[in-house]
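Have a look at the structure below before the remarks.
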């Protein structure tokens, strides 16, 4: 049976809570990145993990963009009910940065974008069409992921996202919330990113590190060190 996981880990004395927003085509726990970050948070900080998609064992079914925006809004609304006075921070990865920007949530804490894409729909379709062992049918592309899951992408998803301007979405959100962007210079998924339009905004701070897309190996330590600095500002 398919399901969407939501986990609210909120200590009784939590004054700060981090909402983790995952990337495209994966579960919230993909690559263990969010778990590693959460373990490095102060013990009295809360956290929220959730899935955008319906999950059926190892199968991940991509949902429409509007549904993903509604999902994030719902999670944040529930969090407001559970911890109305807490300072809420958002850490988003990859495509999750664009969904967050399109949602434009009002929060009192920091917003951190990890390896956000400059281009959204069209580049995703080309990338996954070339993905090793990808299978194309008349309705979807299914791709096996390194974490053992299989992502099912309906072909109309790319039609929905082709006109999404990722940088414009982030620029618009920066008018509402200051953005901290961690740029990955050895990104095997996004390739080379410049963020030229974002650099012109006084409300966006960009830090570049020599890392792959998922901050593996030594990059994970650098990521956590960076986040500790930003979240404690």
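In our numbering, the protein residues as written are 29 to 261. We treat Cβ as the ideally placed atom computed from N, Cα and C, and that holds for glycine.
- Going by DSSP, residue 241 is part of no beta strand (DSSP E) at all; its letter is neither H nor E.
- The Cβ-Cβ distance between residue 140 and residue 47 does not fall below 8 Å.
- Straight-line spacing of the CA atoms in residue 168 and residue 224 works out to 33 Å.
- Burial is judged here by how many other beta carbons sit within 10 angstroms of a residue's own beta carbon; residue 210 has at least 16 and is buried.
- Residue 207 and residue 138 have their C-alpha atoms spaced approximately 7 Å apart.
- Here residue 117 is buried. Its C-beta has 16 or more other C-beta atoms within 10 Å.
- In this chain, the alpha helix (DSSP H) harbouring residue 185 covers 183-189.
- DSSP places residue 233 in the strand class (E or B) of the three-state scheme.
- The three-state reading of DSSP puts residue 180 in strand, counting E and B together.
- DSSP, reduced to helix, strand and coil, places residue 75 within a strand of the structure shown.
- The DSSP-derived three-state label of residue 211 is strand.
- Taken atom to atom, the span from the alpha-carbon of residue 162 to that of residue 179 is near 10 Å.
- Here residue 82 carries a strand assignment [DSSP, helix/strand/coil].
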